[in-house]
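Notes follow the structure.
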Amino acid sequence: MWMIEIPPFIPFLIGALIAAFTRGVLRNILMIAVPIISGLHLWMVPEGIHLQFAFLDYQLSPYRVDKLSLMFGYVFHIAAFIAIIYSLHVKDTLQQVSAMLYAGSGLGAVFAGDLLTLFVFWELLAFTSVFLIWARRTPQSYVAGMRYLIIQVLSGVILLVGALFYAAENGTLDFSYIGLDGIAGWLIFIAFGIKCAFPVAHNWLTDAYPEATVTGTVFLSAFTTKVAVYALARSYPGTELLIYIGAAMTCFPIFFAVIENDLRRVLAYSLINQVGFMVVGIGIGTALAINGAVSHAFNDVIFKGLLFMSMGAVLHMTGKINGSDLGGLYKTMPKTTILCIVGAASISAFPLFSGFVSKSMVMSAALEEGYDWIWLMLLFASAGVFHHAGIKIPYFAFFAHDSGLKASDPPKNMLFAMTISAGLCIAIGIYPSALYALLPYDTGYNPYDATHVLAQTQLLFFSALAFVWLNLKGMYPPELHSTNLDCDWVYRRAMPLVFQNMFSAIWKIDRMVRDTIKEKLGHSFTYLASKNNRLSSLLSRNHPSGSMAMWVAVMLAIYLLLSFVK
Amino acid sequence: MIIGLYNDWVVVVLMMIGLYIVIAHGNLIKKIVGLAIFQTSVFILYISMAKVEGGSAPILAEGIKQFSNPLPHVLILTAIVVGVATTALGLALVIRINEAYGSIEEEDIQHLDNQTQDETELQATEGEQS
Amino acid sequence: MKDLFAVVMLLGIYSLLSASFFVAMDAVDVAFTEAAVGAGISTLLMLVVITITGRSEKTTRHKPLLALLVVVFTGSMLIYGTFDMPYFGIADAPIHSHVAPRYIQESMKEVGIPNIVTSVLASYRAFDTFGEVVVIFTAGIGVMALLSVGRRPEENEKTTAIDDSMHEQYLVIRIVTKMLIPFILLYALYVQFHGDFGPGGGFQAGVIFAAAIILYTMLFGLTTARKVINQSFIQFIAAAGVLLYGCVGIVSMLNGANFFDYNALASDPVAGQHLGILLIEWGVGCTVASVMIMIFFNFAERREMQQNNEKINNIEGDSL
Amino acid sequence: MISHLPVLQVIVPLMAAPICLLLKRSQLVWLFSLFASAIAFIISVLLLQQVMTSGVISYELGGWEAPWGIEYRIDQLNAFLLLIISGVSTVVLIAAQTSIEKEIPKEKHTLFYILYLLSLTGMLGIVSTGDAFNVFVFLEISSLSAYALIALGQDRRALWASYQYLIMGTIGATFILIGIGLMYQMTGTLNMQDLSQRLPDVAQTRTVFTAFAFVIVGVCLKLALFPLHLWLPNAYTYAPSIVTAFFAATATKVAIYLLIRFTFTVFGLSFSFTTLPLQELFLLLGLTGIFVASSAAIYQKNVKHVFAYSSIAQVGYIVVGFSTSTITGLTATLLHLFNHALMKSAIFLALGAVVYRLGNVQLSSFNGLGRQMPLTMAAIVIGGLSLIGVPLTVGFVSKWYLLTALLEKGWWPVAILILLGSLLAVIYVWRIVEAAYFKKPLAGSVPVKEAPLFFLIPIWLLITANIYFGIDSRLSLKVASAAAQSLLGVSP
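Protein chains in written order, with numbering that gives the first Met the number 0: chain A, 0 to 565; chain B, 0 to 129; chain C, 0 to 319; chain D, 0 to 491.
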């Protein structure tokens with residue numbers, strides 16, 4: 000059937016075009032229709048490679064469908080659908096168009112069957128998403144977007160170089176298992192790692208996401224990192240290094256998340272933390288672990304989206320997002336409060352919520368493979384997640400001290416989008432086998448056995464206790480109006496400083512050297528000139544056409560010399 | 000027998016004199032003169048390589064058996080024409096430059112150009128600031 | 000040397016010397032051309048330019064030693080490079096034993112013209128010569144593009160008057176020249192037709208023809224010369240020369256042979272060669288003469304314009 | 000008539016030039032030159048087709064067989080270049096009438112077209128001919144017309160640039176002439192094919208070394224290879240926009256053709272690359288050229304300057320590919336010839352459109368232009384992306400091949416340097432994008448309209464080609480690799 004050959008990014012491209020040229024209700028209807036139609040279309044498509052053509056000396060397959068890619072394809076459609084609904088009230092063509100393109104490139108990347116196609120969408124992801132950040136139109140967002148863009152493009156360039164080396168080594172551009180042997184493998188690994196927000200390379204995320212628009216962040220949280228997770232799952236399953244990287248990713252953001260004041264930035268940190276779980280799963284590489292990673296990615300898209308949406312709603316209604324400025328909103332925004340709590344419960348992996356059914360898979364896999372220490376770290380991280388995402392966010396935003404803000408619940412479309420997400424969170428939590436049916440491997444795993452449920456609940460309660468105790472004692476870190484700088488200090492402060500200094504130093508040295516040379520030359524020439532009675536004008540030698548002609552003579556001499564010497 | 004190459008040495012010397020004039024002189028007319036000398040040296044190179052000892056001009060006539068090589072002559076006829084064409088165009092440029100800059104000294108022109116450049120840049124920065 | 004006039008004269012002398020050297024080297028055609036072009040036309044053009052730009056060089060210049068060093072070094076490398084060259088005048092050098100012998104031995108049979116240079120020029124390597132004509136044409140167009148002043152402004156009566164009075168001063172020269180010019184033109188025609196047998200041909204003829212006109216112009220003023228030969232007429236001739244040359248090739252192509260294959264122009268190959276060479280020499284002559292005149296006119300026009308401007312400025316300055 | 004195609008290729012524009020002089024009316028002359036150029040393009044397409052199916056075409060001018068007469072010899076390489084030159088010339092000419100209306104005084108329009116056609120003739124002649132001296136003659140035709148065309152620029156600096164170009168160009172051409180003379184002295188022939196057979200016997204003489212040095216330096220001068228590039232930026236910047244678009248796409252290409260022709264065909268691979276350290280030298284010069292020129296491009300205030308320097312950098316890429324002397328490397332070089340012609344002509348035409356509307360191309364006047372001239376600016380951006388080497392554009396294809404060739408040779412440090420060079424390209428292109436899309440128009444500047452249709456058509460034709468050949472590179476690749484194979488003596 001001809002329909003099969005239409006890769007899912009095409010409808011989104013068309014959607015972007017539509018968004019660019021239509022207005023008002025028509026645009027809204029069409030935009031909602033795009034993910035629905037495209038999703039149904041994807042539902043029909045059988046597995047296999049549906050599109051292939053030759054480029055240079057290689058076979059490219061921009062549309063490859065298998066279980067792994069389908070899984071991400073579905074969740075991206077869902078995320079796009081929800082986010083589009085969430086942003087229906089926005090009247091900014093730039094945002095709508097770039098959001099559509101962004102979702103499209105995410106899908107393109109996921110269904111890419113070769114590294115070159117992947118690279119194209121990889122870069123498109125960066126270029127289309129940056130407008131979601133810039134669309135906020137503040138100086139900070141511009142600068143943050145710029146940093147974001149540079150890092151993302153850099154990742155793409157590294158990917159391209161890696162692909163190049165890969166092609167030179169293996170004579171193929173297939174996007175399948177790559178592994179860490181050879182320079183190509185490492186380069187591609189680094190490229191994926193940047194996009195995946197590996198520690199040290201994570202700052203673009205916490206830097207840029209909170210600066211994006213209310214709706215932009217919802218889109219952003221769904222695609223970029225998940226594409227990277229997908230790519231890792233495709234090319235590096237079972238790479239042990241990933242386990243340690245992932246474990247680190249789960250733990251370190253917690254500290255920052257606890258002290259961070261901007262609630263959306265807290266969520267950004269927790270995003271890294273969640274991605275860490277997936278990375279660990281991929282690193283373990285068993286069927287169960289991969290399943291866990293993938294399904295956690297699936298769930299994370301939904302519940303992290305929900306959390307970003309609820310915080311977005313708060314920002315949208317109050318214009319404030321810092322924990323210290325908010326509080327007491329539960330009275331006026333009851334629906335948002337409830338939805339937010341659903342999201343928080345999901346991310347904290349409460350039983351019967353979606354986070355539980357996937358996170359526990361990763362943790363079980365870690366135990367099964369004998370990574371006890373890793374399991375402990377993950378456990379700690381889970382507690383941390385609950386602490387900052389599960390409690391801190393709803394608490395500071397909706398309860399805590401009354402900030403006196405009287406904002407009502409957000410527009411209907413926002414609420415509706417959040418409701419869908421919340422519904423999904425609960426549905427998956429209660430009936431996980433629907434999700435499990437989509438997974439790449441069949442493991443017969445059941446999350447609801449007694450040990451799991453008990454262990455998790457215990458953990459959550461102790462964590463809650465800690466929060467309450469800390470808060471009561473007044474030992475909880477105060478929410479300060481500050482930007483927390485971690486590693487991004489390097490490029491936000493140090494690099495400009497270093498570069499400025501370096502360049503000014505270079506210019507200075509350069510000028511100094513030139514001046515001294517000039518002076519020295521001047522002296523010697525004046526000396527010579529005074530001897531020859533030809534004043535100083537030896538200096539005025541640099542006449543372009545004269546020097547050009549001289550270069551000709553010099554080159555000739557060099558060639559001759561070289562050929563005679565041989 | 001290295002003396003048998005003296006023609007080539009003359010050519011090299013002339014060539015380098017021409018090149019030196021182009022490099023060292025700032026006067027535009029002198030540069031063109033240098034170029035002409037440079038080109039003429041090439042003519043000499045070609046013509047002298049065509050010469051055959053005891054040969055005569057390549058016009059067929061009774062009783063002459065040995066001729067110099069006609070081909071380089073043909074080539075150099077063309078090259079001379081090219082030379083004069085270049086000179087004419089170069090001189091036309093000199094006239095225009097003289098009108099536009101009021102000088103035919105490279106130094107002055109270079110100086111004036113730098114000034115114009117500075118001015119345009121100044122304007123640009125002013126425009127950006129305002 | 001600060002005086003550009005002396006520089007230009009020396010260049011002229013240098014050209015003449017090299018022309019005589021070419022005669023000694025058996026290259027009579029080349030010598031003819033070099034004398035006409037190097038010593039004649041280009042010296043003349045330079046002189047015109049000097050009258051426009053001023054004849055002295057600015058003084059404060061010094062000779063860059065570095066350039067001298069580089070040049071000397073390169074030169075010595077080149078001299079070193081000559082050591083493997085065939086010696087001067089040796090008859091069995093490769094240059095004399097590969098392509099050239101055929102020209103010397105067969106050209107009479109194949110082309111039927113005693114002057115081998117002409118037969119190589121006009122037949123064996125006719126396309127090069129075509130290119131050469133196009134080069135000249137290009138130069139003419141280029142000079143026109145640079146210098147033509149468009150529609151000439153209404154002549155200022157006062158300045159024309161000054162001009163005329165100036166020209167009237169050299170009466171003797173004018174009369175002598177008037178007598179000379181027909182002979183020069185005749186000589187040009189002789190050179191044009193004699194190219195097949197002795198040194199000469201379209202190019203030299205064109206230059207001589209142009210020289211006659213230029214001489215006329217110098218003595219009788221540009222305005223008068225313009226009346227005799229107007230701009231668009233020269234342009235027409237220049238274009239026609241190139242076209243004539245090209246058409247010879249096209250006709251031979253239409254006759255079923257290759258481009259510039261004169262054999263196809265007439266039933267007898269040698270006759271065809273004769274016809275072809277005659278025609279293209281005409282094409283060369285036309286283009287060269289008209290382009291030379293064109294270039295000179297444009298130069299002179301600029302000069303006149305500038306002088307007029309100066310005069311007007313002077314007059315205005317006086318009246319102030 | 001088919002058998003006469005090689006000569007018709009050159010003769011058509013050549014004969015059209017004097018006819019233009021007779022036509023006089025500028026509108027008419029424009030249409031006529033466009034017509035002539037289009038015919039030349041059609042001929043080149045036919046030639047390419049013929050060459051690809053039946054191999055090398057030899058045409059004896061005047062009916063004299065090869066070493067005695069002049070031969071036109073068309074193989075894949077020539078045919079490919081003929082196609083590039085005549086194609087670009089035709090497309091660029093579409094915009095000519097509109098563009099020069101603003102930039103050149105009315106009475107010089109006819110002369111402009113004549114010079115343009117002559118320049119085209121010269122380039123086509125250089126590429127078609129199989130005779131070394133004929134190369135020189137046509138080189139001069141193209142150079143002389145180039146000097147005059149550049150001098151037609153509005154700014155007085157155009158005159159100075161043209162003068163400098165004249166001096167350097169003449170030195171370059173004379174160098175080539177000397178080289179040809181020395182070769183002739185050692186072999187007694189001027190025909191390239193004949194030379195290539197007779198040179199190896201005398202290859203180890205210093206005369207041949209000298210000849211080679213002269214030819215290479217002369218060609219490098221025309222090529223604007225670092226450090227002989229100094230004449231280029233000003234010449235490109237101050238020339239009329241149409242001229243820049245035409246030359247940037249073709250003039251250096253012709254010089255590269257000569258370089259390839261002389262090193263591979265005339266002197267032969269073993270002489271050029273084993274007897275002399277040409278490989279290392281060119282690699283070094285190419286890389287230095289890339290970095291010096293790209294860095295210079297970053298600091299330019301005039302956008303034409305920016306792209307002129309970028310042209311020099313691109314020459315560096317081409318020369319690096321050339322220096323590998325492998326099939327892949329040569330394929331990359333040839334592909335880049337084609338691709339670079341596409342991008343540069345598009346960019347400079349778009350700049351011509353900006354000049355048409357704004358009167359200058361200072362970077363500061365680009366501020367806010369993205370909204371006022373969206374189509375033109377989009378073209379510049381796409382062209383710029385292509386320069387950087389972003390996938391889906393032609394720039395990517397050739398850069399990919401270049402990198403593959405370097406990796407094949409095991410020169411991966413060079414490959415990394417090339418990539419770093421591309422990052423420099425990102426910076427200079429970004430400066431323009433930033434000005435056009437993110438800055439507010441200068442205070443007091445008058446808003447302008449989109450470029451006229453006669454600009455947009457050729458610009459977008461070229462941009463479409465940029466993207467088309469970036470996605471489906473089979474055609475260009477096939478010709479380039481066939482040419483590379485034939486040059487290296489491998490039967491395809």
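Even glycine gets a Cβ: it sits at the ideal position worked out from N, Cα and C. All of these numbers come straight from a predicted model, not from anything done at the bench.
Taking buried to mean at least 16 other C-beta atoms within 10 Å of its own C-beta, is residue i buried or exposed?
i: residue 195/C; result: buried
i: residue 355/A; result: buried
i: residue 205/D; result: buried
i: residue 132/B; result: Because chain B is modelled from 0 through 129, residue 132/B falls outside the range shown and cannot be assessed.
i: residue 260/C; result: buried
i: residue 203/D; result: exposed
i: residue 66/C; result: buried
i: residue 445/A; result: exposed
i: residue 210/A; result: buried
i: residue 304/D; result: buried
i: residue 201/A; result: buried
Only counting the same chain, and skipping five residues up and downstream in sequence, which positions put a Cβ closer than 7 Å to that of residue i?
i: residue 319/A; result: 325
i: residue 263/C; result: 251, 254, 255, 256, 271
i: residue 36/A; result: 10
Can you find the residues in the same chain that come closer than 8 Å, C-beta to C-beta, to residue i, ignoring five residues on each side of it along the sequence?
i: residue 206/C; result: 32, 35, 36, 39, 40, 287, 288, 291
Identify the contact partners of residue i in chain C, using a Cβ-Cβ distance below 7 Å as the criterion.
i: residue 77/D; result: Near residue 77/D there are no residues of chain C at all, since even the closest Cβ is about 16 Å away, more than 7 Å.
What residues from chain D crowd round residue i, counting only those whose CB sits closer than 8 Å?
i: residue 550/A; result: 226, 227, 229
i: residue 547/A; result: 163, 166, 167, 227, 229, 230
Considering only DSSP beta bridges, list what residue i is partnered with.
i: residue 113/A; result: 173/A
i: residue 63/A; result: 48/A
i: residue 72/D; result: 57/D
i: residue 53/A; result: 58/A
i: residue 66/B; result: 55/B
i: residue 297/C; result: DSSP, once it has assigned bridges, lists no residue as partnering residue 297/C.
Residues of chain C with a CB under 8 Å from the CB of residue i: which are they?
i: residue 184/D; result: 84, 85, 92, 93, 94
By the criterion of Cβ-Cβ separation under 9 Å, what are the contact partners of residue i in chain C?
i: residue 30/B; result: Per Cβ cutoff of 9 Å: no residues; residue 30/B is ~11 Å from chain C at best.
So, for residue i: in the same chain, excluding its five sequence neighbours on each side, which residues have a beta-carbon less than 6 Å away from its beta-carbon?
i: residue 153/C; result: Low confidence applies here, because residue 153/C scores a pLDDT of 49, under 50, leaving its location unreliable; read the following figure in that light. The answer is none, since no qualifying residue turns up.
Which residues in chain B have a C-beta closer than 7 Å to the C-beta of residue i? List them in chain order.
i: residue 259/C; result: Those within 7 Å of residue 259/C in chain B number zero; the least Cβ separation is about 15 Å.
Taking Cβ-Cβ distances shorter than 8 Å, what residues in chain B pair up with residue i?
i: residue 136/D; result: 77, 81
**Item:** Inter-stretch contact at 8 Å, needing at least 3 Cβ pairs: the segment 110-117 of chain A / the segment 130-148 of chain A
**Value:** no
**Message:** Tell me whether the segment 120-127 of chain D and the segment 118-125 of chain C touch, counting them as touching only if at least three CB pairs, one residue from each stretch, are closer than 8 Å.
**Reply:** no
**Asked** Pairing CB atoms from the segment 207-217 of chain A with CB atoms from the segment 153-162 of chain A, are three or more of them under 8 Å?
**Response** no
**Message:** Any contact between the segment 227-243 of chain A and the segment 281-293 of chain A? By contact I mean 3 or more CB pairs, one from each, below 8 Å.
**Reply:** yes
**Item:** Under 8 Å (Cβ pairs) to chain E, residues found in the segment 88-116 of chain A
**Value:** Within the model displayed, chain E is absent; protein chains A, B, C and D are what it includes.
**Three CB pairs or more closer than 8 Å across the segment 277-289 of chain D and the segment 380-393 of chain D** = no
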